[in-house]
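Undergrad: Residue numbering for the sequence shown follows UniProt numbering, beginning at 1 and increasing consecutively.
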Amino acid sequence: MAEWVDRVDEHDRVLGVVERGEAIERRWLHRVATVVCRDAGGRVLVHRRPDEDSRFPGAYNWLLGGGVEAGEEYGAAAGRELAEELGTTAPVRFRFKFLCQGVISPYWLACTRR
Numbered sequence: 001m002a003e004w005v006d007r008v009d010e011h012d013r014v015l016g017v018v019e020r021g022e023a024i025e026r027r028w029l030h031r032v033a034t035v036v037c038r039d040a041g042g043r044v045l046v047h048r049r050p051d052e053d054s055r056f057p058g059a060y061n062w063l064l065g066g067g068v069e070a071g072e073e074y075g076a077a078a079g080r081e082l083a084e085e086l087g088t089t090a091p092v093r094f095r096f097k098f099l100c101q102g103v104i105s106p107y108w109l110a111c112t113r114r
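Spelled out as structure tokens, the structure:
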């Protein structure tokens, strides 16, 4: 099933809607939202990615997240990803975003906090 994302420019302005796989293959900028989960004591949740994941299987990660769907805001995407990956809902707060030259492709990465 295709995942549709906004293709964006170096200023995070939308250029059009493309399939996420094509954005990655062609190294087009698109958006990714992540959540850092912390408890009241300041400890950060670290999780192990499933062995069957297509990207970084079995690796440990301190971010939860994924692609921002076409037309979706970063915060909404972060909340959706939290629900998908942990099976829970919680308010998230936008912290910052930056242009990331990721290993797989470049993208705008927004970090939110739970």
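In this text, a Cβ means the ideal position worked out from N, Cα and C, and glycines have one as well.
Remember, it's a predicted structure, so these values are computed and weren't measured experimentally.
Can you find at least 3 beta carbon pairs, one from the region 103-114 and one from the region 20-38, that sit closer than 8 angstroms?
TA: The region 103-114, when compared against the region 20-38, does touch it at the 8 angstroms Cβ threshold.
Undergrad: Where are the beta strand (DSSP E) runs, 3 residues long or more, that stay fully inside the region 70-109, in chain order?
TA: With a minimum length of 3 residues, the continuous beta strand (DSSP E) runs that stay inside the region 70-109 are 93-100.
Undergrad: Checking the sheet assignment: what are the DSSP bridge partners for valine 36?
TA: DSSP lists Arg113 as partners of valine 36.
Undergrad: Aspartate 12: beta carbon under 7 angstroms from a heavy atom of the ligand ZN?
TA: As far as ligands go, the structure on display features none, and thus does not contain the ligand ZN.
Undergrad: With DSSP as the reference, label glutamate 3 as helix, strand or coil.
TA: DSSP places glutamate 3 in coil when its eight states are reduced to three.
Undergrad: When the Cβ atoms of the region 84-95 are set against those of the region 4-14, are three or more pairs found closer than 8 angstroms?
TA: Result no; under three Cβ-Cβ pairs closer than 8 angstroms.
Undergrad: Taking all protein chains shown into account, do 16 or more other C-beta atoms lie within 10 angstroms of the C-beta of glycine 58, making it buried, or fewer, making it exposed?
TA: Per the 10 Å Cβ criterion, exposed.
Undergrad: Run the CB neighbour count on leucine 15, radius 10 Å, all protein chains shown included, and call it buried at 16 or more, exposed below.
TA: Leucine 15 is exposed by the Cβ-count criterion.
Undergrad: Can you name, in chain order, every residue of its own chain whose Cβ lies under 7 angstroms from the Cβ of phenylalanine 56, other than the five neighbours on each side?
TA: Closer than 7 angstroms at Cβ, skipping near neighbours: Arg49.
Undergrad: Quick one, which of Phe94, Arg93, Leu64 has its alpha-carbon nearest valine 46's?
TA: When each option's Cα is compared against that of valine 46, the closest is Leu64.
Undergrad: So, using beta-carbon positions, are glycine 66 and glutamate 81 closer together than 8 angstroms?
TA: Cβ atoms of glycine 66 and glutamate 81: closer than 8 angstroms.
Undergrad: In or out: tyrosine 74 buried (at least 16 other Cβ within 10 Å) or exposed?
TA: Burial call: buried.
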